[in-house]
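In the working numbering, the protein residues as written are 1412 to 1506.
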């Protein structure tokens, strides 16, 4: 799935849902626009964080109530290359 919109991340951390409106808890006014939004998964969402060194953005996937996650939970995006390091997306399955 191709995504063209860039995610807007506040330093040092942004927490939100890729399926809803992101809520930011900025410590400073500095912002940067790196990494496209992580891919969406059915019946789930991703919480976004930026590491303290500001080298990576991480998507932490979870599932809606009544679903369980199969596969890798966390994926990184390198801020310099703007690329998510995802080989296979996790899935949310009923149960």
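Glycine residues also receive a C-beta, built at the ideal position from the N, C-alpha and C atoms.
- Residue 1459 carries a strand assignment under DSSP once its states are collapsed to helix, strand and coil.
- Judged by beta-carbon spacing, residue 1488 lies beyond the 7 Å limit of residue 1455, meaning their Cβ atoms are not closer than that value.
- Sequence-distant Cβ neighbours of residue 1478 in its own chain, meaning closer than 8 Å and more than five residues away, are 1454, 1455, 1503, 1504, 1505 and 1506.
- In the DSSP secondary-structure assignment, residue 1488 is bridged to 1468 and 1495.
- Distance between residue 1472 and residue 1458, taken at the CA atoms: about 6 Å.
- According to DSSP, residue 1505 shares a beta bridge with 1478.
- Secondary structure of residue 1451 (DSSP, three-state): coil.
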